[in-house]
Amino acid sequence: NNLYILFEGQGDMYFQRYDISSRDYANLNAVILNRSDDLFYIQDKLRGNSSYIKGSYGKNDSSGAELFYASDRVKFGIFHSKQTNNNKHVYGTVNYSNDDTSFLLSKDHVVFPGDNIFVGYQNSDIDYVNKSHNDVSSWLAGYSLSHDFDWLIYGVKLNGIYSRNDFSRNHYEGLGRTATFDSYSLAIKNELSREFHFTGNVKTNVESGLNTTYFNHSGFTEKGGNGWNNVTLDNSGNWSNQLYANAEISKLFDISHKADLTLTARVMYQYELMNSDSWAENYTVLDSHRVMSPPVKKHSGGLTTGYLNAALNINRQTDIIAGVSLNTDGDNMVGGTIKYTF
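The numbering of the sequence shown is UniProt numbering, which starts it at 1 and goes up by one.
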C-alpha cells in the first residue's frame with residue numbers, strides 16, 4: 001500500500017512514505033451504482049399526487065429533507081440526503097460520507113396513462129475519512145410506468161445519470177492530487193406487486209423484481225503530486241443484476257377523530273446475480289498494473305433487512321414517524337421523520 005524511501009543527509013536520515021495503493025478510488029464503482037439505486041427512491045416520490053415537506057434524522061448523523069409540489073400540469077421536487085460511514089464492511093476501501101441535493105421536474109401521463117417522466121440535476125459532496133473529496137455534478141432523467149391488472153400490478157422504472165467528477169486526494173503528503181473524469185449509469189427496474197386488505201384495518205403488500213444497471217466511468221491519470229507515483233485508472237464498465245423481494249404488513253389504529261396510529265413491519269431480501277469481484281478497479285502505478293479490492297461486500301446468501309416503524313397521523317396532514325432497521329451485516333438504524341402534507 002505504501003512505499004517507504006530512506007533519505008540520508010548530513011548528520012541525519014529519515015523515511016518518507018509514498019502512497020501507491022490509491023485506495024480512495026477502490027469504491028468508485030460502488031458510489032456510481034448507489035447513486036443510480038437512490039434515484040429509484042426519488043422516482044417513487046415523483047409519482048405521488050400530494051404536495052409535502054419532510055425532514056428526517058437518524059443514527060450516525062444521517063439525515064434527509066424533501067420538498068415536493070404536485071399540480072395537474074407539472075411536479076417539482078427538492079431532495080436532500082446525507083449518509084455516513086459508507087463501505088465500513090468492505091476490506092481495502094476507504095469509508096466515506098455523501099451529501100446529495102437533487103432538483104427535479106416531472107410530469108404525469110406523457111405517453112401512456114399512469115406514466116411519469118422527469119429530468120433534474122444533482123450535486124454530491126463525497127468526503128472520505130482520509131480527507132479525500134469528490135465533488136460530483138450529475139444530470140438526471142427517467143421514465144416510469146405502472147399498470148394495474150386487477151390481481152397484480154406491474155411497474156417499470158428507467159433512469160440515466162451522467163456525472164462529472166472532480167476528485168482531490170493525498171493531502172496527508174502535503175502535495176495533493178486531482179483527477180477529473182466522467183461517470184454514467186443506465187438502469188431499469190421491473191417489478192410485480194400485490195396488495196391485500198383484511199378486516200381490522202390490516203393491510204399487506206408483497207413485491208418482487210429485478211434491478212438491472214450498467215455503470216461506467218472513464219479512464220484518467222492523476223495530476224499534481226509527485227508525478228512519478230501518480231495513478232492511472234482504467235476505463236471501467238460493469239453490470240449489476242439484483243433480484244429483490246419485499247413483504248410488508250401494517251395495522252391502523254383509530255385513536256380519535258383527529259389522529260390515528262399505523263404500525264408497520266417489513267422485510268426485504270436482495271441478491272446480486274453478477275460477480276461483484278469483477279467490479280474492482282484496474283490501475284497502473286510505478287509502471288506496474290494492479291487491481292484494487294472489490295468495491296462492495298459479497299453476500300453469497302444475499303442480504304436481508306428488517307424494518308419496524310410507528311407512524312402517528314394528526315389531522316390528516318401531519319405524520320410523526322419513528323423506526324428501526326437491522327440487516328444481516330449487523331447494521332442497525334434508529335431514526336425519526338416529520339412530514340406535513342398540503
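All C-beta atoms in this analysis are idealised placements derived from N, C-alpha and C, irrespective of residue type, glycine included.
Taking a cut-off of 8 Å on C-beta distances, the region 48-62 does not touch the region 176-196, as fewer than three cross pairs fall below it. Contact annotation: Ser193 and Ile249 have beta-carbon atoms that are not nearer than 8 Å. When the alpha-carbon of Gln83 is set against those of His109, Asp38 and Asn130, the nearest one is in Asp38. Look at Ser218 here: in three-state DSSP terms it is coil, with no helix or strand label. Gly306 and Trp151 have their C-alpha atoms spaced approximately 26 Å apart. Its chain contains no residue whose beta carbon lies nearer than 6 Å to that of His257 once the 5 sequence neighbours on both sides are disregarded. Nearest neighbour of Asp72 by Cα position, chosen from Gly92, Val110, Ser146 and Ser168, turns out to be Val110. Residues of the same chain with a CB within less than 8 Å of the CB of Gly160, apart from the 5 flanking positions on each side, are Leu140, Ala141, Gly142, Tyr184, Ser185, Leu186 and Ala187 in chain order.
C-alpha of Val296 to C-alpha of Asp125: approximately 20 Å in a straight line.
Within a 10 Å sphere around the beta-carbon of Tyr121 sit fewer than 16 other beta-carbons, which makes this residue exposed.
For Arg194, the uninterrupted beta strand (DSSP E) segment begins and ends at Arg177 to Phe198. By the neighbour-count criterion, in which 16 or more other beta carbons inside 10 Å mark a residue as buried, Asn165 falls on the buried side. Ser36: member of the alpha helix (DSSP H) spanning Leu28 to Leu46, first to last residue. Contact check for Gly64 and Leu104: beta-carbon distance about 15 Å, past the 8 Å limit, so the pair fails to qualify.
Per DSSP, the beta bridge partners of Ser168 are His133 and Thr178. The alpha carbon of Gly48 has as its nearest neighbour, out of Ala30, Ser146 and Gly92, the alpha carbon of Ser146.
With fewer than 16 other beta carbons inside 10 angstroms of its own, Ile255 counts as exposed. Each residue's CA atom was taken as its position, placing Asp44 and Gly176 some 40 Å apart. Restricting attention to beta strand (DSSP E) runs no shorter than 3 residues, the region 53-111 encloses them at 63-70, 75-86 and 96-108, ordered along the chain. DSSP places Arg23 in the helix class (H, G or I) of the three-state scheme.
Taking a C-beta distance under 8 Å as the contact criterion, Lys339 and Tyr52 qualify as a contact pair. Looking at Gly335, Gly323 and Phe253, the one whose alpha-carbon comes closest to that of Ile314 is Phe253. Less than 8 Å separates the beta-carbon of Leu233 from that of Tyr25. Taken atom to atom, the span from the alpha-carbon of Asp277 to that of Phe198 is near 45 Å. In the displayed model, Asp277 falls within a helix according to three-state DSSP. Rounded to whole angstroms, the gap between the alpha carbons of Tyr91 and Gly330 is 16 Å. Annotation for Ser250: the continuous beta strand (DSSP E) segment containing it runs Ser236 to Ser256. Residue environment: Trp279 is assigned as buried (16 or more neighbouring CB atoms within 10 Å of its CB, all protein chains considered). In the DSSP assignment, Asp150 falls outside any beta strand (DSSP E) and carries neither an H nor an E. Across the structure, Tyr283 and His299 are spaced so that their CA atoms are roughly 25 Å apart. Per DSSP, the beta-bridge partners of His289 are Thr284.
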